[in-house]
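Contents: one structure, followed by commentary.
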Amino acid sequence: MTRPILSRVALYAFIGFSLLFSDPAYSEEVLRRSNFEIEVGAKTWISQGRTKWSHNAGDPLLGNPTSELNYKDVWSNVAEIDGKVTLRNGWFFRGQFGYGAINSGTLVDDDYVSAAGAAFFGTTVSGAHRFSRTESDIDGSHLWYLNADFGLRLLEFSGGRGSLKGFVTYQHWEEKYVAKGIKQLECTALTPSPIQCAPPGTVGFVGQKVITNEVAWDSIRLGLEGEYRITRRFSFDGSVAFIPYTSLNNRDIHHVRNDLRQDPSFSMSGTGIGANFELNASYMIVKQLFFDLGYRYWWLRVTDGDWKAYPVGGPTVSANLNEFQTIRQGVTLGLRYQF
86 MTRPILSRVA
96 LYAFIGFSLL
106 FSDPAYSEEV
116 LRRSNFEIEV
126 GAKTWISQGR
136 TKWSHNAGDP
146 LLGNPTSELN
156 YKDVWSNVAE
166 IDGKVTLRNG
176 WFFRGQFGYG
186 AINSGTLVDD
196 DYVSAAGAAF
206 FGTTVSGAHR
216 FSRTESDIDG
226 SHLWYLNADF
236 GLRLLEFSGG
246 RGSLKGFVTY
256 QHWEEKYVAK
266 GIKQLECTAL
276 TPSPIQCAPP
286 GTVGFVGQKV
296 ITNEVAWDSI
306 RLGLEGEYRI
316 TRRFSFDGSV
326 AFIPYTSLNN
336 RDIHHVRNDL
346 RQDPSFSMSG
356 TGIGANFELN
366 ASYMIVKQLF
376 FDLGYRYWWL
386 RVTDGDWKAY
396 PVGGPTVSAN
406 LNEFQTIRQG
416 VTLGLRYQF
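Heads up: the sequence shown is residues 86 to 424, going by this note's numbering.
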């Protein structure tokens, strides 16, 4: 008894959706009468990113910062889909999802000693300084993000040329990097010691994973967005958002460090602030179909954080996280359809 009923419901639903989306005029009329508008889009973000962090171990022989890692020039072509529902009373809901492979990048790893440490370890340079710098190629992995917006139209411009809206967003953003190989660029600690490094120019672990880093941010955005139509076909829109709260969770695995655990080797956590900015130019190709070209900038930074190391066979070591920030920016282009 249940199966025939479900079959008929499925059949009626299929016929209804077929009629709705096979006839644009009928679809538009149905949506108009239902007191809401729907917008869907697909976009690519040709982006460059960077994640940088440093910590202070609090050891009198080591510098402040003690270590600094900079994942720079991290390129990714992100594929993005989004959807938006706007009610006739001005409230709107929007979802956005993006995913991209990491194409290339460079990891620069710096280590520092204090003046006392330079004398104690017998470095070739005296005083507080950077005693080691290495470079690795970033060869994988990926990033993804999810935005969920809830907002309201605050005002409309005269002549129906546009509007200004406010919104609040939950954002989840993750990036994972895999660094391979190590090239020693600088070293002043050449004599045997706990901080000894290889002579400059030394290349090792070619093609081998040396570090995997996974960073995840959970944020709340408060923002404004506006649209202004220059002509019937051409318009500008943009948004700016302040992030009063973001939470960081970072996991770092040093694959060639036998003295550290591998699940992870280091972790970082904290809270902070950030900002997002976006500007687009839109052109209506045909009725209800738009081409968008724009620029987007995202930035998040920890203002209060902790760093932890996990030695093999020893207790967890904690220290102050001096800095942790992630930036991603670049050109966007895509298509958008309004029902």
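For each residue, glycine too, the CB sits at the ideal point set by N, CA and C.
Quick one: complete beta strand (DSSP E) runs, 3+ long, within the region 236-319?
Complete beta strand (DSSP E) runs here, min 3: 247-272, 288-314.
Cβ atoms of Ala-264 and Leu-192: under 7 angstroms apart, would you say?
yes
Relative to the C-alpha of Asn-405, which candidate in Gln-423, Phe-351, Tyr-230 has its C-alpha closest?
Phe-351
Residues near Tyr-382 in its chain [Cβ-Cβ closer than 6 angstroms; skip 5 each side]
Contacts found: Phe-362, Gln-414.
Are the beta-carbon atoms belonging to Asp-377 and Arg-314 less than 7 angstroms from one another?
Their beta carbons are not under 7 angstroms apart, which means Asp-377 does not touch Arg-314 by this criterion.
Pick helix, strand or coil for Val-115, following the three-state DSSP scheme.
Because the pLDDT at Val-115 is just 49, under 50, the model does not fix this residue reliably, and the value given afterwards should be weighed accordingly. Here Val-115 sits in helix by DSSP.
Note down, one range per segment and in chain order, each beta strand (DSSP E) of at least 3 residues found wholly within the region 127-177.
147-172
Assign Phe-375 to one of three DSSP states: helix, strand, or coil.
Strand at Phe-375.
Assign Ala-326 to buried or exposed, taking buried as 16 or more other Cβ atoms, counted over all protein chains shown, within 10 Å of its Cβ.
buried
Expected contact under 8 angstroms - CB spacing of Thr-273 and Ser-304 to nearest Å:
Not really, about 40 angstroms apart at Cβ, beyond 8 angstroms.
If you drop the 5 nearest sequence neighbours on each side, which residues of the same chain put their C-beta closer than 7 angstroms to that of Leu-147?
Tyr-197, Val-198, Ser-199, Gly-202
Extract the residue ranges of the alpha helix (DSSP H) inside the region 182-244, only unbroken runs of 4 or more that lie entirely within it.
If we require 4 residues or more, the alpha helix (DSSP H) runs fully inside the region 182-244 come out as 200-206.
Can you tell me which residues form a DSSP beta bridge with Tyr-382?
Phe-362, Gln-414
Which word fits Gly-355, buried or exposed, when buried means at least 16 other C-beta atoms lie within 10 angstroms of its C-beta?
buried
Specify the secondary structure class of Ser-352 as computed by DSSP and reduced to three states.
strand
Thinking C-beta only, is Lys-137 closer than 7 angstroms to Gln-410?
Yes; because the gap between Cβ atoms is below 7 angstroms, this pair is in contact.
Is the Cβ-Cβ distance between Glu-312 and Gly-247 less than 7 angstroms?
yes
Residues sharing a beta bridge with Ile-338, DSSP:
Thr-297
When the Cα atoms are used, what is the spatial distance from Tyr-262 to Asp-222?
10 angstroms
What residues match up with Gly-180 in a beta bridge as DSSP calls it?
Gly-168, Ala-233
When burial is assigned at 16 or more other CB atoms within 10 Å of the CB, is Thr-417 buried or exposed?
buried
Rounded to a whole number of angstroms, what is the C-alpha to C-alpha distance between Gly-357 and Ala-301?
13 angstroms
Pick helix, strand or coil for Gly-400, following the three-state DSSP scheme.
Here the sequence assigns Pro to residue 400, which means Gly is not the residue at that position. Pro-400 falls in the coil class under three-state DSSP.
DSSP beta-bridge partners of Asn-513
Residue coverage of the chain in this structure runs from 86 to 424, which leaves residue 513 outside it and unanswerable.
Using a Cβ-Cβ cut-off of 8 angstroms (strictly less than) and excluding sequence neighbours within five positions of Gln-293, which residues of its own chain qualify?
Lys-265, Gly-266, His-340, Val-341
Identify every residue that forms a DSSP beta bridge with Ile-328.
The partner list for Ile-328 (beta bridge, DSSP) reads Gly-359.
Look up Arg-422 in the DSSP assignment and say whether it is helix, strand or coil.
Reading off the sequence shown, one finds Tyr at residue 422, where the question assumed Arg. Looking at Tyr-422 - three-state DSSP - the assignment turns out to be strand.
Cutoff 7 angstroms: Asp-196 Cβ touching any chain B Cβ:
No chain B appears in this structure, which consists of one protein chain only.
Residues bridged to Tyr-368 [DSSP beta-bridge criterion]
Phe-319, Phe-376
Anyone know if the C-beta pair for Asn-407 and Asn-141 falls short of 7 angstroms?
yes
Identify, in the order they occur along the chain, each residue of the same chain with its Cβ nearer than 6 angstroms to the Cβ of Gln-181, setting aside the five sequence neighbours on each side.
Asp-167, Asn-232
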